[in-house]
């Protein structure tokens with residue numbers, strides 16, 4: 188049952204939070220896919236990888252200085268939903284709505300994402316251009 192896997196001793200609040208966020212956003216996925224398909228037609232010049240580090244640094248600095256207000260701005264911009272701090276009770280409620288298979292799928296996806304992110308981090312090197 189999904190309740191047993193969610194409350195196992197090795198289950199952390201962060202894992203449950205991520206699981207709940209994924210489940211709550213699945214409902215909106217078709218709309219996001221449609222918007223993504225529309226935006227794929229945009230010119231590549233609108234989004235270049237040459238300045239990713241600069242853009243990310245700017246976002247992080249903005250969030251550090253602006254706190255939740257800045258975080259809300261970026262949540263709306265990138266996720267098209269406002270920032271909302273979830274309490275542990277919110278996460279538990281979302282998890283109760285998940286089937287056992289959904290919880291297993293979420294954990295599998297989390298594992299793949301973590302592994303990929305770590306591989307990507309390990310492959311990154313700081314480069315200076317004069």
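Residue numbers (the working numbering): 188 to 317.
The beta carbon of each residue, even a glycine, is placed where N, CA and C say it ideally should be.
Would you check if the distance between the CB atom of residue i and the CB atom of residue j is smaller than 8 Å?
i, j, result
"residue 278", "residue 261", "no"
"residue 270", "residue 282", "no"
List the endpoints of the continuous alpha helix (DSSP H) containing residue i.
i, result
"residue 281", "275 to 284"
"residue 249", "239 to 261"
On the three-state DSSP scale, how would you describe residue i?
i, result
"residue 312", "coil"
"residue 290", "helix"
"residue 271", "coil"
"residue 232", "In this prediction, residue 232 scores a pLDDT of 49, lower than 50, which makes its location untrustworthy; the coordinate-derived value is nonetheless stated afterwards. Helix at residue 232."
Going by alpha carbons, who is nearest to residue i out of the options?
i, options, result
"residue 243", "265, 284, 286", "265"
"residue 254", "238, 272, 241, 267", "272"
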